[in-house]
Structures are given as structure tokens and as C-alpha cells.
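Protein chains in written order, with the working numbering: chain P, 1266 to 1643; chain S, 1266 to 1643. For glycine and all other residues, C-beta sits at the position ideal for the given N, C-alpha and C.
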DNA sequence: TGTGACGTTGACAACGTTTGCACACGTCCT
DNA sequence: AGGACGTGTGCAAACGTTGTCAACGTCACA
């Protein structure tokens, strides 16, 4: 349509390259109505007769009118945008969240302003730009949310906030995630059902609440059946996970199975297993990762419904934006175990210290009893 | 800190949960100055005496004042935000771009508003929300940029635009990417240097300009030395890449090496090779992918410096925002071949139809002559 | 000591939009 | 036939900020 042509002949204003903006007054004048009527016709909904409304809309599209969001936000006191605070955009998990949040906001006519939370930035520094813009609400997905400054809790008093994935120590806002302890238990039980007893848990570090809870689920399950839980932390840098995993595995030469409690260290762990020539160790991992079925053997994972999490986060947020009252809500999405091979192998060698009975190397095809691949939401 | 306390006693305004906003007038009143002086003291820079300036800053921080960006943008006619249009946030490559663009914008005091370009949304629909907000500039990273509507070209006439990764058919704006044809050539040469002659190129589809150029580089190199180029397109959906790769590979049973021209189909291809029991086929892939060294054998790739691309995109954009004139600039970042094993194997079986001499299965350790692992920027 | 220059400050008018209010119409009821 | 009422429209006042302009006092210089 190249609607700018209409204005192109106007004297080029202040700075070069800057075109005149088409304002509501221009539209109103072209349609022969007042700005109030034009505004109501375009955005106000009812209260304008059909012929006039149509004339206004025609003029608007002919002139190439865009509403000036700054003016609207100023007038309304609230911006039609939401904030999205993410810990690290390079992590695929968060990318999936971003995609769904953007989609949900777009469908509701809201823009999305991104910011980085954590990763060395203070909460204040992350959230300030959002507050200055008067965003209608904020979706936060960061392991460090709400701690230790408590700044986010303050924000949540004035503005709808939804926490995704990791939930702060005290829940001051709506939140959605998974039952991380259940996930840890689930991963562990899967390995137990194939006869493993010497199982090692590997996580990134104790700063991420989700991983800590998964480790807790693992440890509880182990203790519950009289086994000794063992955990090692590989750190947050994926590129160093390999080295850390080598060290951790060498410290536990007798383990026959490993729980990878977080996606970012899983590939490093797999490389380490290959390098140490311990391909016989069974592996189950939290979160599906790209190329999981390209590994040898394909990787067994417990997957969370990330898309559902993102979608629901937006829904929760907009319910609050639309005025829903009530105490903070916490929801959880379902988990799904995807057996691909790496987790469906028995212990290759019996534990060296204990004299337990030898076990078959491979269970019969199919899932062993008591392990249901599909889980319902909590 | 909890600066909201100052205002908490004020009668809770209109809607529950909505606090009074601290305005510049409040700060000015508290400091005993006019709003003009307060504005200058806080944001204007020079022109205010030191004692007054300090008093104003004190009052502002005591009251917990945040500038109202909507009002500022309205007044200034331009928002201190940039737009970031991305094709798909779930693709790791784009995630890395997002992270760097956000970082660069943040350092310069600008917010980032995201939007999805392509993936079924029209360019207008993608960009409109950005224009309405009067963003200072836009970074676009989408294979469909500028085509076929040409809407983006219109936008670029009024606003600084930088295209990242994929460059539109006609370059109407600054852009940064890589030399895709050179990348295709590079991948091909690497396989040729190990003795392969029956080399297949696999890409996603002909809609992405980058992949088309890589295929062009591949094909040119093949023709150049008297070989027949063969290409197959696997489609854009990574989850269907496996099936498509199986079909493609079965259609070319004699190939001894494969060039994977795009990251999104690489893991599907690897799975297909494993399933078809053609693990002897050499593979080199475009773009490093997570867990590349966890595969068996570890994956040889040509990597692009994505972080540098993102950083440079922001620099280019802000140079324009700050008023730099001149014709569109196109820049390219460097490539780096990372040999990990999958691409350093010779052809296992000589071509069935041709009677070429048998070749050694493995070349001597180290890179073969003529293949320099490090490349300088184009 | 008068005058111009300068540095500092305040009053005021925008920026473009939304919205409460008033008003001019018709129409319908009593 | 006269008043009440609803519908459609315009007027004008905000929203919070920045930049222009003039006014003010102070100082240096003639």
C-alpha cells in the first residue's frame, strides 16, 4: 500500500530521514469529525454510528494512521505491554518460554519488553525499565527470582507478576512450574526399576531452586528404600560441565546409573561418559534436549510441558491484569517420561562392595511394571 | 529501601492493587523547585547548580521516583526502545542473537521490544506494534525479511533497520551476516580433501536465503572440480527432519559424505544415518549445535561467530540512531571450522559406478594440507 | 556606577491520546 | 402537545515530560 506517500510531499520536518507522523487529528479532519469521535470509532468500540465509524476507519487506513502508543499509555496510565524477565535467552528452555509468552501477549494485543534477570544484573536493574514504562504485568523466569533482595516481592504488590519455572523462596505472586521433587523421584524410580542401586545425581549447583528440589526428590527416594544418595554439582557453565563431570564420575567409579538433574550439564555428562569409556552407565536426564535421540544410546528423559507452562503463565498474568483478585496461585504442569534407551539398561556389573545378586543386563522389551510413561498434571 | 512506603498511606486510588505513581511534580515540590529544574537535574545533564541538583536527586530517590517513559517518549517523539524481530525464539541461534542485542541495548539505556517475524505473521503485523511505539530502530533476523511484501523496505526509509543473518533480496538497510556461499564451499572442500567424491547437500528448504546460498557454494565447488552436485530439502520442521532425511539418504545410497547445510535438520540427519546403519558416512554441518561433541563420532562443524554478529548488529543500529548517514552497509563475521571427527573420515567404499582408485579409510592424523581450520572475516 | 553578559531558574506550551461532561437532536410516552 | 429519554457528537481537560523563552540575580568590565 505504501501509505507513506500521502505524507511524503509534506515538508520534511526536523531531522533528515524523519517523516511526519500521522496523528488522530489528521484522521479526524480527513473524515470531517472531531478527534473524540475518531478515537471512539477506531478504538473505543461502541458509541459511534456506523456510517461515521466507517468513514473514520477509511480515512485512517488511507492516511496510514498508527495509534501513538506513548500518548495512549500516558493518558491511560498503563501501557499495553508486558515485561518478560528471563535469566538467559541462549538456553533453549527459556527460548520456548519466550516464544509462548510472546504469542500469548500478541494475541491479546500487548507488546513484550524483554529484560535479563539474574546473570549478574540486580533485580532492580532488571525490573526498573519495565516499571518506568508502566507495563501491565511481568512474567519472570529466573532461578534467582525474589532472592535475596526481595525487590520482586515489592513489585508484585503493585503489579501482576507471574513466576515461571523457578519459584522464589516465599511465593508472593502467581507461579507455574513443575513438581521438581516428583521429577527427581521419577527419574530415580525409573533407574531403580531396572535394578540399579548405585545411582549418582548430577546437578548444576545449589543456587537454582528447581535443581535443589529435584535432588531432594532423588535423595528422598534413595533413602526411602535404604540406599545412600550421592550428589555432585557440575556448575552452571555448560562448556565446563564436561570437565566437572569427568571429575565427578571418577570420584564415583562404582555407580551404574546417573541422574542428570538439569539440561545444561547433560551433554557435558554424556561426553564425559564416552571419554571415560563408561558407556555402560545408564542415564536418565531432566528435560528433553535437541538431538536426544541422536545419541548412542538415545537419551531417556523426563520432559516438562514447557509450552503449556508458557501459555498458562500468560493466562494467569492476564487474568490478574483484567482484575482478578485473590491470593497467589501456584500451578504445575505435567511430566512425561520418554524412554529412549539410555535409561532402560540394567547395571552392567554388580556393585563391588555389596554382594547383591547379579541382574540381567537387559530387561524384557517395554516398560517395566510400575513405571507409567504418562503422568497427569499435579 | 521499600520506597513505596512513602506513598502507601495515600488513599488507594482507582483500582485495588494500584498504587499512586510518583511524578516529577512530586519530586520538584519535595525539593522546592520547579518541574523544569527537577527534569534538568535528573535527566538534562548540565545547567543546574550542584546544591540544587543534589537536593533534587535526594528527593527523587527518597520518593522512589521513576521517570514515566510514556510521557518522555510522547514529548520527545521517539521512544528509547528498539525493536527486535525474530523468526523463532526457540531456535538456539536466534536465542544467542537475542541475548546479545538485549545486552547491547541495555548498555545504551534502551529497552527491547520483541516481535515474531515470519512464521505465518505478515511483516506488517510484526512491525506495526514497533512503529506504534516509535521505537528508535529495529533489528530484524528472519529468513523472510523484506519479501515478498517489501513492507520492511518501506519501514527502513523512516527508521534505522539492521538485518541480521539473512539479508533480503534487495539490501535496503544495513546488514550483518556471513558469507554463506563461502561457508558452503568450505564445508564441501573439507570433505573433498578427505577423498570424498559422492557428496550430498541437505538443507531445510529454498525459502531461506542463507541456506540457498550455502547450497550454491557447495554446488559451485562440486562443479568446479567436475563433480555432480546433489541436493535434497528436508523441510523446516526439525521433528520431521528425521523422516525426510531417511528418504533423502535412501534416494542416494552411494554417497559417502553429507553436508548438513542448516542446524535445524542436523540432528534429524544424524539420527537417520544411525537408523539406516550408515554411520560410515562422513558428515560436516553448518553451525555448532549443543552436544555436538557428544555424538559418535563427534560432529565436525563450520561455526559462525553469532555473538559478534549480535554485537555488531546493535552497534550498526545505534550508529544510525545517533545520526550516521550514508548508503546501506553490509558486514560479515568470520567462520571457523571445528574438526571433531565426523568430517575427518575418508569414503568407506569406493563409488559403485565409477572405477576410481580405492582410498585409504583414514587420512593421517591432523588436518590434511590445504585446509586451514581458522578463517579470517570476509 | 551603569551596562551587558552570563549562569541559573521558573512559567508555560506543547506532544497525541482518551474520556467525562455537556449538548443537540430525534423519538416515545403520558 | 410537552416533557423525559437515549443516541450521537463535540469540547476541553487531563496524563507526565521536555524544551523554549523570559526573568532574575550576579558579576565583570567599561
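If you run the structure through DSSP and keep just helix, strand and coil, what is residue i?
i, result
"residue 1579 of chain S", "helix"
"residue 1466 of chain P", "strand"
"residue 1478 of chain P", "helix"
"residue 1589 of chain S", "coil"
"residue 1514 of chain S", "helix"
"residue 1307 of chain P", "helix"
"residue 1289 of chain P", "helix"
"residue 1522 of chain P", "strand"
"residue 1615 of chain P", "With a pLDDT of only 43 at residue 1615 of chain P, under 50, the local geometry of the prediction cannot be trusted, and the value read off the model is given with reservation. Residue 1615 of chain P: coil per DSSP, three-state reduction."
"residue 1496 of chain P", "strand"
"residue 1584 of chain S", "helix"
"residue 1609 of chain S", "coil"
Return yes when the Cβ of residue j is within less than 8 Å of the Cβ of residue i, no when it is not.
i, j, result
"residue 1407 of chain S", "residue 1593 of chain S", "no"
"residue 1659 of chain P", "residue 1363 of chain P", "Here chain P covers residues 1266 to 1643 and nothing more, so residue 1659 of chain P does not appear."
"residue 1514 of chain S", "residue 1528 of chain S", "no"
"residue 1441 of chain S", "residue 1598 of chain S", "yes"
"residue 1323 of chain S", "residue 1395 of chain S", "no"
"residue 1471 of chain P", "residue 1503 of chain P", "no"
"residue 1476 of chain P", "residue 1526 of chain P", "yes"
"residue 1404 of chain S", "residue 1427 of chain S", "yes"
"residue 1346 of chain P", "residue 1392 of chain P", "no"
"residue 1344 of chain S", "residue 1401 of chain S", "yes"
"residue 1287 of chain S", "residue 1321 of chain S", "no"
"residue 1479 of chain P", "residue 1460 of chain P", "no"
"residue 1565 of chain P", "residue 1518 of chain P", "no"
"residue 1446 of chain S", "residue 1482 of chain S", "yes"
"residue 1499 of chain S", "residue 1474 of chain S", "no"
"residue 1535 of chain S", "residue 1569 of chain S", "no"
"residue 1379 of chain S", "residue 1379 of chain P", "yes"
Distance check for residue j and residue i, CA to CA, integer angstroms please.
i, j, result
"residue 1540 of chain P", "residue 1398 of chain S", "53 Å"
"residue 1236 of chain S", "residue 1319 of chain S", "A query on residue 1236 of chain S cannot be resolved here, the shown segment of chain S reaching from 1266 to 1643 and no further."
"residue 1317 of chain P", "residue 1305 of chain P", "11 Å"
"residue 1307 of chain S", "residue 1554 of chain S", "46 Å"
"residue 1334 of chain P", "residue 1289 of chain S", "21 Å"
"residue 1521 of chain S", "residue 1416 of chain S", "44 Å"
"residue 1372 of chain P", "residue 1350 of chain P", "19 Å"
"residue 1361 of chain S", "residue 1294 of chain S", "46 Å"
"residue 1431 of chain P", "residue 1596 of chain P", "12 Å"
"residue 1557 of chain P", "residue 1607 of chain P", "10 Å"
"residue 1338 of chain S", "residue 1338 of chain P", "10 Å"
"residue 1388 of chain S", "residue 1356 of chain S", "20 Å"
"residue 1560 of chain S", "residue 1609 of chain S", "14 Å"
"residue 1571 of chain S", "residue 1386 of chain P", "22 Å"
"residue 1575 of chain P", "residue 1429 of chain P", "8 Å"
"residue 1326 of chain S", "residue 1586 of chain S", "30 Å"
"residue 1314 of chain P", "residue 1301 of chain P", "13 Å"
"residue 1493 of chain S", "residue 1485 of chain S", "10 Å"
"residue 1370 of chain P", "residue 1303 of chain S", "36 Å"
"residue 1573 of chain S", "residue 1297 of chain S", "49 Å"
"residue 1341 of chain P", "residue 1336 of chain S", "11 Å"
"residue 1507 of chain S", "residue 1390 of chain P", "44 Å"
"residue 1299 of chain S", "residue 1330 of chain S", "16 Å"
"residue 1359 of chain S", "residue 1358 of chain P", "13 Å"
"residue 1524 of chain P", "residue 1496 of chain P", "9 Å"
Uninterrupted beta strand (DSSP E) stretches inside the region 1393-1460 of chain P (no shorter than 3 residues): 1402-1406, 1426-1429, 1439-1442
Which parts of the region 1317-1400 of chain S are runs of the beta strand (DSSP E), unbroken and 3 residues or longer, counting only runs that do not cross its ends? 1346-1351, 1376-1381
With contact counted as at least three CB pairs below 8 Å, one residue from each stretch, are the region 1580-1599 of chain S and the region 1549-1564 of chain S in contact? no
Whole alpha helix (DSSP H) elements within the region 1525-1581 of chain P, 4-residue minimum: 1531-1540
If we count Cβ pairs, one from each stretch, closer than 8 Å, do we get three or more for the region 1570-1582 of chain S versus the region 1458-1467 of chain S? no
Given 8 Å as the limit, is there contact between the region 1446-1456 of chain P and the region 1416-1425 of chain P, that is, 3 or more CB pairs closer than that? no
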